[in-house]
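Asks: Just passing along the structure, written as structure tokens.
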Amino acid sequence: MTFLLITLAAAVITFVASTVVLRLALKHGIHPPVRERDVHSRPTPRLGGVAMCIGMLGAFGIAALIPELAGIFAEPIRIWTLLGAALAITVIGVLDDLFDLDWMLKLGAQILVATGVAVFGVQIVSLPIAGLTVPSATMAIVLTVLIIVLVMNAVNFIDGLDGLVSGTTIIGSAAFFGYIWVISQNFAQQNAYFSLASLITAVIVGVCLGFLPVNWHPARMFMGDGGALMLGLLTAASAIAVTGQIDIGTMGGRSQILPAFIPVLLPLAILLLPLTDFVLAVVRRVINGNSPFAADRKHLHHRLLDMGHSHLGAVLIFYAWTAVVSIGCLLFLIWPWWVVVGVMLAGFLVCALLTAAPVGRRIWRTFLRVMRERRGAHGRMDPDTTTLVDTRAETPISRGDTR
-11 MTFLLITLAA
-1 AVITFVASTV
9 VLRLALKHGI
19 HPPVRERDVH
29 SRPTPRLGGV
39 AMCIGMLGAF
49 GIAALIPELA
59 GIFAEPIRIW
69 TLLGAALAIT
79 VIGVLDDLFD
89 LDWMLKLGAQ
99 ILVATGVAVF
109 GVQIVSLPIA
119 GLTVPSATMA
129 IVLTVLIIVL
139 VMNAVNFIDG
149 LDGLVSGTTI
159 IGSAAFFGYI
169 WVISQNFAQQ
179 NAYFSLASLI
189 TAVIVGVCLG
199 FLPVNWHPAR
209 MFMGDGGALM
219 LGLLTAASAI
229 AVTGQIDIGT
239 MGGRSQILPA
249 FIPVLLPLAI
259 LLLPLTDFVL
269 AVVRRVINGN
279 SPFAADRKHL
289 HHRLLDMGHS
299 HLGAVLIFYA
309 WTAVVSIGCL
319 LFLIWPWWVV
329 VGVMLAGFLV
339 CALLTAAPVG
349 RRIWRTFLRV
359 MRERRGAHGR
369 MDPDTTTLVD
379 TRAETPISRG
389 DTR
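For the sequence shown, the numbering used here begins at -11 and goes up steadily by one.
This is how it looks when you write it as structure tokens:
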């Protein structure tokens, strides 16, 4: 109930802030021109990140007043660092949306912000894999920075369709919160529930829920780099924070080995599509001799549109893939592994069929057209064509038209 309150607070504050920011942006004409790679046709404000940041700060402020969450704020330096980093990366993203900053400058700012989080906020100290620990503080910082920067850019890369990032983040973060709740109830990990990871995840879901109404197709406002980078930062921070809350010794014997891997698998599952798109984009651009951060119109969501999916249809397909992967990983904590594998395979099959549906429809229409043309050509070229007589109307009917 506590975290539901935080989620609702974040949603309400973000929605109100989104409405105000949208009106101000439209009143003062604060929106960039439509670019060649964009899929929208009219100038649309990209200041959603400002509203989302306001919602995030407001939700953390409310959380600080709740006695049950006092333990989270016992180390205020971690909270202030995280909030400061989120605010800083939002500002960098908004400046990029308005003035199109050089990619090297943006990357340098991301590394700087991530380093601050790693040093003073959250960092990977141990991995929930056989009690594996990071051998040195320096390596922990480097690894944390790499993960945060990677996730920020992965989330930012798929922000190309209305409601895409908001919806997939809601699905994935809700599954991640479900993981925290399940291990706190079934694996004696109560300290993992009232933790920074739970708070961050609840805030993420609320912020996305509050922003989605103005970002749903056709979007009235985009989150821009400011919102996408902030979501990536918070998502990475929540996954990193939870790793220090898991006690592998209480997870049971060999039959419970898989739950210990979920803190690693679930964030990867949630970010599977963004990370895949990120890797493909970097490889594609490097091969073509371009900067890894040079924008283009060849992302996964662009390819879905090119296949023939509608804007909304492409977004819903992304939702489906995200739900199958993230919820499937969560179900490993509840059901036998062989049942979950079967469910996930069925889900993958359905998603694959939905993804390929436009291609299948084109193939089927082409097949029908070829068959009609062959029947018509046969009727015109056969010199021995006879006539069929309708015995009821006694009217000649050609063999090529039997209706």
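Think of the CB as a built atom: it goes at the ideal place given N, C-alpha and C, for glycine as much as any other residue.
These numbers come from a predicted model, not from an experiment.
Report yes if the CB atom of residue 270 is closer than 7 Å to the CB atom of residue 43, and no otherwise.
Replies: The answer is no: Cβ separation not under 7 Å.
Asks: Could you tell me the distance, in whole angstroms, from the CA atom of residue 6 to the CA atom of residue -7?
Replies: Residue 6 and residue -7: Cα-Cα distance of roughly 20 Å.
Asks: Under the three-state reduction of DSSP, which class applies to residue 30: helix, strand or coil?
Replies: Three-state result, residue 30: coil.
Asks: Please determine, among 2, 188 and 344, the residue with the shortest C-alpha to C-alpha distance to residue 226.
Replies: Comparing Cα positions, the closest option is 188.
Asks: With a threshold of 16 other CB atoms inside 10 Å of the CB of residue 334, please say whether the residue is buried or exposed.
Replies: With fewer than 16 Cβ atoms within 10 Å of its Cβ, residue 334 is classed as exposed.
Asks: Which value, in whole angstroms, describes the spacing of the CA atoms of residue 64 and residue 276?
Replies: So the two alpha carbons sit approximately 46 Å from each other.
Asks: Taking the alpha-carbon of residue 62 as reference, which of 109, 95 and 34 has the nearest alpha-carbon?
Replies: It is 109 whose Cα lies nearest to the Cα of residue 62.
Asks: Which first and last residues belong to the alpha helix (DSSP H) in which residue 291 is found?
Replies: Taken as a continuous stretch (DSSP letters only), the alpha helix (DSSP H) holding residue 291 covers 288 to 295.
Asks: Could you give the distance in angstroms between the alpha-carbon of residue 326 and the alpha-carbon of residue 312?
Replies: Roughly 15 Å separates the two Cα atoms.
Asks: Should residue 262 and residue 143 be called a contact, given that it needs their Cβ atoms to be closer than 7 Å?
Replies: Yes, the pair counts as a contact, with Cβ atoms nearer than the cut-off.
Asks: Could you say if the region 123 to 136 and the region 201 to 208 meet the contact criterion of at least three C-beta pairs nearer than 8 Å?
Replies: Too few Cβ pairs lie closer than 8 Å, so no.
Asks: Which parts of the region 75 to 145 are runs of the alpha helix (DSSP H), unbroken and 4 residues or longer, counting only runs that do not cross its ends?
Replies: Runs found: 91 to 104 and 125 to 145.
Asks: On the three-state DSSP scale, how would you describe residue 348?
Replies: The answer is helix: DSSP assigns residue 348 an H, G or I state.
Asks: Determine the contact status of residue 193 and residue 158, defining contact as a CB-CB distance below 7 Å.
Replies: Result yes, Cβ atoms of residue 193 and residue 158 sit closer than 7 Å.
Asks: Inspect the beta-carbon positions of residue 78 and residue 211 and report whether they are closer than 7 Å.
Replies: Cβ atoms of residue 78 and residue 211: not closer than 7 Å.
Asks: Run through DSSP, which three-state label would residue 182 get?
Replies: Residue 182 falls in the coil class under three-state DSSP.
Asks: How is the alpha helix (DSSP H) around residue 301 delimited, first residue to last?
Replies: Here the alpha helix (DSSP H) through residue 301 covers 299 to 319.
Asks: Where do the N-terminal and C-terminal ends of the alpha helix (DSSP H) with residue 277 fall, by residue?
Replies: Note, residue 277: premise wrong, no alpha helix (DSSP H); not H, not E.
Asks: Between which two residues does the alpha helix (DSSP H) harbouring residue -8 extend?
Replies: From DSSP, the alpha helix (DSSP H) with residue -8 extends over -10 to 16.
Asks: So, under 8 Å CB-CB, residue 392 and residue 185 are touching, yes? Tell me the CB distance rounded to an integer number of Å.
Replies: The question about residue 392 has no answer, for the chain in this structure spans -11 to 391.
Asks: Taking the C-alpha atoms as reference points, what is the distance between residue 329 and residue 320?
Replies: Taking the straight line from one Cα to the other gives about 9 Å.
Asks: Taking the straight line between their C-alpha atoms, what separation do you get for residue 129 and residue 350?
Replies: The alpha-carbon atoms of residue 129 and residue 350 are separated by roughly 51 Å.
Asks: Indicate whether residue 213 and residue 85 have their beta-carbon atoms separated by less than 7 Å.
Replies: Cβ atoms of residue 213 and residue 85: closer than 7 Å.
Asks: Taking the straight line between their C-alpha atoms, what separation do you get for residue 139 and residue 14?
Replies: The alpha-carbon atoms of residue 139 and residue 14 are separated by roughly 31 Å.
Asks: Rounded to the nearest angstrom, what separates residue 304 and residue 366 at their Cα positions?
Replies: Distance between the alpha carbons of residue 304 and residue 366: 44 Å.
Asks: CA-CA distance, residue 181 and residue 152?
Replies: Spanning the two alpha carbons is a distance of roughly 28 Å.
Asks: Tell whether a beta-carbon distance below 7 Å holds between residue 74 and residue 259.
Replies: In this structure, residue 259 does not lie closer than 7 Å to residue 74 by Cβ.
Asks: Taking only the alpha-carbon atoms, compute the straight-line gap between residue 45 and residue 348 and give it to the nearest angstrom.
Replies: Their Cα atoms are separated by approximately 47 Å.
Asks: Am I right that residue 342 and residue 308 are in contact with their C-beta atoms under 8 Å? What's the rounded C-beta distance?
Replies: Right, their Cβ atoms sit about 6 Å apart.
Asks: DSSP on residue 63, reduced to helix/strand/coil?
Replies: In the structure shown, residue 63 sits in coil (DSSP, three-state: anything other than H, G, I, E or B).
Asks: Taking residue 30 as the reference, give the member of 172, 205 and 83 with the closest Cα.
Replies: Selected option, being the one with the closest Cα: 205.
Asks: Under a Cβ-count criterion, where at least 16 other Cβ atoms within 10 Å of its own Cβ denotes burial, should residue 155 be classed as buried or exposed?
Replies: Looking at its Cβ environment, which holds 16 or more other Cβ atoms inside 10 Å, residue 155 is buried.
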